[in-house]
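S.K.: Below you will find the structure I want to go over with you.
Residue numbers (this note's numbering), protein chains in the order written: chain A, 23 to 813; chain B, 56 to 196.
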């Protein structure tokens, strides 16, 4: 009996669902942001999963990173020591290297992981032998290693007793003390390790007494979860108070084990922003779903009442309610799974720097998410159903009309949806306008076939402080190469994040530039810098290496400080820092503004002075049609022939730098546009469906009023007024909230004002028009068949 | 009246604090065994012995104040360093004396020097009650 009833009810639900396309669409809208958020969760989990190191999810280890000027690096020893002194944690370093390993039968280069210790705390138990001697050994102890399971199986399994066996690593005799467990692959993600050795023995193995931490080293902390919570909260402030950390630096403690820190930080920051956006979209879709579902609930309630009148028992009705809800939740989950690949594609679009091949999909994690999602949706739907049943009055039978509570509920949800859509449309419009102005901004240079050459930060040697003719020599040699069309020297190459400052004043004593001490941006350039970059000279000429007292300024400086002068009498004063004496320099040219840090940065008044000697701080700008790699070879060869202190050449094309600079903004724009388009479509659909549901409920009342002589306009106006009364406080509240939280959007807007009254009024008018059209259409439709509602 | 006394006290405190630090210049033309690059640090104990020397940026400078061993070339380096300045520091009046060599911005930008100076300024606040004297030597043209 119950079985038959269940089958009957399931078939009934399926029939209703297949005929209710709007509901399926609503579920699809709900499933899309959920699938995107699941994808984000899986990416995060993939980054945080350290199974490859034989570590469980709850292993008491955390990655610790020092972030300086946006760049991550392992913790320096002095910070680790301070942390160990203050908190009950152990500091661990890990570095992976390929070194030559020689045993009786072979000699080849093998990957070796060097780790300080912590095997016992991390519950890494060896398959054979003991890791005791590898736990934080002291200097001078015998060199020891643990062989990985794969290496042992491949080469030494035939050897009866591998423990105690001696091998040669980097020509040093090392004793094997253990075989690592089978589930240990490496301490680095997507790498394998043949041997594990104590980190402290690395200097001895490399014959490097002055060994210091290298950037490819990872630093970790081993402790317990409570300590980590306190550490994460207090560490940065504590170290700053102890004068061990600069204000702009930060210590990050996270769960990313064996992962490239820089990439993890970039990706996690972006994911945080995207997650915020998609949570907002989910909120919108959930309100929309709620709106529609409560309408459906009203219809269902009528169905339950009819079934009760027909003799259905309370148990039968309860079973039906449960099945209806359960099957709907199941449908939502199925749609979410169906949308997962689509979400995967979109995430790839939003996060161009994440290679999706690197993301390993954890099936158990996915099941976990699905299970919790199921429970959440079931809980929310039960709440909505309960509210509908207990608080919302549903009329039934003849004389049917939408109750006041039903109207308030429907219009409130509709107003919420439309308010969110208004704000989303407005934000997208601002972002689009911003991107348009950024693309339109002329950067003040040509990027085609232009390359920026930068060098590592030099050590200052006394001899390079003396003037010499290395600058001219370098340029002559570069230009004499047939592959190089033009070349120039600059101390601030575009988009290279290099800046240099000095102190300049106008002849009236006004400080040029910004900052408390009058920092003026000054670029030391060679004469042909502007022609190489394709920058227009608006007035006069470029600098000349033979005329050291002549300078060139940019348009921003000219407009602000010299606008009332002619080029003939334009002068600026430079301050000699050691004696405070001011020297007058003649302005011989004005150039268009060069956006050296990208189109969304403010243009600083800049002075261009001639460069003479090379100190190693300078960079180069080259025009050439060949590739960056070929150019690197040519430049390196030329640099070698000169006595200049340039180390580590980095050559990047200007086009690549511009593209890279645009990437984060474009990704945010893509996400916002996708979310807005979805919200807009959803808003239109829900607006029509909500008003349809409401006019359906109100059909008899409308028909009666119409028959009593009420005009179409007054019927529409009555409903519209009701909506406006609900809409005004909600849109006001939403706009206030948006203004309070506008910082998030403001960061991405450059030269575009956050307040655009015309745009917000237009969007608001469109939204109101949409409601008016929808009301007009549905009421008119109902009145055309008024006799049906009255019969 | 109360305000005047406070102002007087503040002015005296400010003057005595500013007397602690001295600025010197080190010309690139000067012949010396002390290298002409920055940042460089020299830390002396109460006895005027060099306990720490660095020829590069040291953000963990605070930890060096805890170390006791005397530098192997303490006498020679101290002699070279004091040869640069026309001033005889009174080491015994302080627990520590720090000399910091930086480069004049006129010669060229030196971001590590700026960072080191900021750390030293933080240390000045941290050690304001612990008798530490800070001196700055600027390399000039």
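For every residue, glycine included, the Cβ atom is placed at its ideal position computed from N, Cα and C.
Name the chain B residues that come within less than 7 Å of residue 626(A), Cβ to Cβ?
M.R.: Your numbering for residue 626(A) matches position 604 in the first chain. Within 7 Å Cβ-Cβ: nothing; residue 626(A) doesn't reach chain B, min ~15 Å.
S.K.: Starting from residue 47(A), trace the alpha helix (DSSP H) both ways and give me its first and last residue.
M.R.: For the purposes of this step, residue 47(A) is taken as residue 25 along the first chain, with counting starting at 1. Note, residue 47(A): alpha helix (DSSP H), 43–70.
S.K.: Consult DSSP for residue 190(B) and reduce its assignment to one of helix, strand or coil.
M.R.: Mapped onto the second chain, residue 190(B) falls at position 135. Strand at residue 190(B).
S.K.: For residue 183(B), name the three-state secondary structure that DSSP assigns.
M.R.: Within the second chain, residue 183(B) is the residue found at index 128, counting from 1. If DSSP states are grouped into helix, strand and coil, residue 183(B) belongs with coil.
S.K.: What is the rounded straight-line gap between the Cα of residue 620(A) and the Cα of residue 558(A)?
M.R.: As a first step, residue 620(A) is located in the first chain; it is residue number 598 there, counting from the start. As a first step, residue 558(A) is located in the first chain; it is residue number 536 there, counting from the start. If you take the alpha carbons of residue 620(A) and residue 558(A), they lie about 18 Å apart.
S.K.: Under a CB-based cut-off of 8 Å, is residue 649(A) close to chain B?
M.R.: If you number the first chain from 1, residue 649(A) lands on position 627. Taking Cβ atoms only, chain B never reaches closer than 8 Å to residue 649(A), which makes this a no.
S.K.: Between which two residues does the alpha helix (DSSP H) containing residue 351(A) stretch?
M.R.: Counting from 1 along the first chain, the entry for residue 351(A) is found at position 329. Its alpha helix (DSSP H) spans residues 336–372.
S.K.: Could you give the distance in angstroms between the alpha-carbon of residue 603(A) and the alpha-carbon of residue 524(A)?
M.R.: Taking the first residue of the first chain as 1, we reach residue 603(A) at position 581. Taking the first residue of the first chain as 1, we reach residue 524(A) at position 502. The alpha-carbon atoms of residue 603(A) and residue 524(A) are separated by roughly 14 Å.
S.K.: Just to confirm the assignment, what range does the beta strand (DSSP E) spanning residue 272(A) have?
M.R.: To locate residue 272(A), count along the first chain from 1; it is residue 250. Segment 272–276, the beta strand (DSSP E) holding residue 272(A).
S.K.: Taking the alpha-carbon positions, what's the residue 437(A) to residue 782(A) distance?
M.R.: Position 415 of the first chain, counting from 1, holds the residue named residue 437(A). Position 760 of the first chain, counting from 1, holds the residue named residue 782(A). If I take the Cα positions, the gap works out to 16 Å.
S.K.: For the 8 Å Cβ check, are there 3 or more pairs between the stretch 236–249 of chain A and the stretch 81–101 of chain A?
M.R.: Yes, the stretch 236–249 of chain A touches the stretch 81–101 of chain A.
S.K.: Look at the alpha carbon of residue 252(A) and the alpha carbon of residue 175(B), and state the distance between them as a whole number of angstroms.
M.R.: Taking the first residue of the first chain as 1, we reach residue 252(A) at position 230. Taking the first residue of the second chain as 1, we reach residue 175(B) at position 120. Each residue's Cα considered, the two are about 28 Å apart.
S.K.: The stretch 257–278 of chain A: which residues have C-beta closer than 9 Å to a C-beta of chain B, in chain order?
M.R.: Here the close residues are 262, 263, 264, 265, 266, 267, 268, 269, 271.
S.K.: With a cut-off of 8 Å, does the C-beta of residue 98(A) fall near any C-beta of chain B?
M.R.: Numbered from 1 along the first chain, position 76 holds the residue referred to as residue 98(A). Closer than 8 Å: yes.
S.K.: Looking at residue 510(A) and residue 448(A), is the spacing between their C-beta atoms short of 8 Å?
M.R.: By one-based count along the first chain, residue 448(A) stands at place 426. By one-based count along the first chain, residue 510(A) stands at place 488. Cβ distance not < 8 Å, so residue 448(A) and residue 510(A) don't count as in contact.
S.K.: Given this structure, state the Cα-to-Cα distance separating residue 136(B) from residue 89(B), to the nearest angstrom.
M.R.: As a first step, residue 136(B) must be located in the second chain, where it is residue number 81. As a first step, residue 89(B) must be located in the second chain, where it is residue number 34. Near 7 Å, if we compare the C-alpha coordinates of residue 89(B) and residue 136(B).
S.K.: Looking at chain A, which residues of the stretch 142–171 of chain B have a Cβ within less than 9 Å of any of its Cβ atoms?
M.R.: Against chain A - using a Cβ distance shorter than 9 Å - the residues of the stretch 142–171 of chain B are 158, 159, 160, 161, 162, 163, 164, 165, 166, 167, 170.
S.K.: Going along chain A, which residues have a C-beta under 9 Å from residue 173(B)?
M.R.: Counting from one through the second chain, the residue named residue 173(B) turns up at place 118. Residues of chain A passing the Cβ test: 268, 269.
S.K.: Could you name the residues that DSSP lists as bridge partners for residue 607(A)?
M.R.: As a first step, residue 607(A) is located in the first chain; it is residue number 585 there, counting from the start. Its beta-bridge partners are 594(A).
S.K.: Using a Cβ-Cβ cut-off of 8 Å (strictly less than) and excluding sequence neighbours within five positions of residue 709(A), which residues of its own chain qualify?
M.R.: Translated into positions along the first chain, residue 709(A) becomes position 687. Taken in chain order, the residues that qualify are 436, 439, 440, 792, 793, 796.
S.K.: Can you list, in chain order, the residues of the stretch 111–134 of chain B whose Cβ is nearer than 8 Å to any Cβ on chain A?
M.R.: Residues 114, 115, 116, 117, 118.
S.K.: Are any of the Cβ atoms in chain B nearer than 8 Å to that of residue 94(A)?
M.R.: Taking the first chain and counting its residues from 1, one reaches residue 94(A) at position 72. No, residue 94(A) lies away from the interface with chain B (no Cβ there is under 8 Å from its Cβ).
S.K.: According to DSSP, is residue 202(A) part of a helix, a strand, or is it coil?
M.R.: Mapped onto the first chain, residue 202(A) falls at position 180. If DSSP states are grouped into helix, strand and coil, residue 202(A) belongs with coil.
S.K.: Report yes or no: is there a C-beta of chain B within less than 8 Å of the C-beta of residue 634(A)?
M.R.: For the purposes of this step, residue 634(A) is taken as the residue at position 612 of the first chain. With 8 Å as the cut-off, residue 634(A) does not count as an interface residue toward chain B.
S.K.: Is it the case that the stretch 403–415 of chain A contacts the stretch 72–90 of chain A, given that we only count it when at least three CB pairs across the two stretches are under 8 Å?
M.R.: No, the stretch 72–90 of chain A is not in contact with the stretch 403–415 of chain A.
S.K.: Exposed or buried, which one is residue 493(A) when buried takes at least 16 other CB atoms within 10 Å?
M.R.: Taking the first residue of the first chain as position 1, residue 493(A) is located at position 471. Burial call: buried.
S.K.: Three or more C-beta pairs under 8 Å: does that hold for the stretch 708–724 of chain A against the stretch 796–810 of chain A?
M.R.: In short, these stretches touch, since the Cβ pair count reaches three.
S.K.: Could you compute how far the alpha carbon of residue 588(A) sits from the alpha carbon of residue 504(A)?
M.R.: Residue numbering aside, residue 588(A) sits at position 566 when the first chain is read from its first letter. Residue numbering aside, residue 504(A) sits at position 482 when the first chain is read from its first letter. Computed Cα separation, rounded: 41 Å.
S.K.: Can you tell me whether residue 301(A) is buried or exposed, with buried defined as 16 or more other CB within 10 angstroms of its CB?
M.R.: For this step, residue 301(A) is matched to residue 279 along the first chain. The residue is exposed, with fewer than 16 neighbouring Cβ atoms inside 10 Å.
S.K.: Can you name the start and end residues of the alpha helix (DSSP H) that residue 573(A) belongs to?
M.R.: As a position in the first chain, residue 573(A) is number 551, starting the count at 1. Counting along the chain, residue 573(A) falls outside any alpha helix (DSSP H), though it belongs to the beta strand (DSSP E) covering 572–576.
S.K.: Quick check: what's the CA-CA separation for residue 75(B) versus residue 192(B)?
M.R.: In the second chain, residue 75(B) corresponds to position 20, counting from 1. In the second chain, residue 192(B) corresponds to position 137, counting from 1. In this prediction, residue 75(B) scores a pLDDT of 48, lower than 50, which makes its location untrustworthy; the coordinate-derived value is nonetheless stated afterwards. Each residue's Cα considered, the two are about 14 Å apart.
S.K.: Which of the three DSSP states is assigned to residue 85(A) in this structure?
M.R.: Residue 85(A) sits at position 63 when you count from the first residue of the first chain. Residue state, collapsed to three classes: strand.
S.K.: Please identify the residue among 760(A), 89(A), 751(A) whose C-alpha is closest to the C-alpha of residue 276(A).
M.R.: For this step, residue 276(A) is matched to residue 254 along the first chain. Among 760(A), 89(A), 751(A), the Cα nearest to that of residue 276(A) is on 89(A).
S.K.: Can you tell me which residues form a DSSP beta bridge with residue 154(B)?
M.R.: Here residue 154(B) refers to the residue found at position 99 of the second chain. Note: residue 154(B) sits in a beta bridge opposite 97(B), 190(B).
S.K.: Taking the alpha carbon of residue 211(A) as the point to measure from, which residue in 247(A), 197(A), 221(A), 283(A) has its own alpha carbon closest?
M.R.: Counting from 1 along the first chain, the entry for residue 211(A) is found at position 189. Here the closest residue by C-alpha is 283(A).
S.K.: Which class does residue 109(A) belong to by DSSP, given the choice of helix, strand or coil?
M.R.: Locating residue 109(A) in the first chain gives position 87, where the first residue counts as 1. Of the three classes helix, strand and coil, the one that applies to residue 109(A) here is coil, per DSSP.
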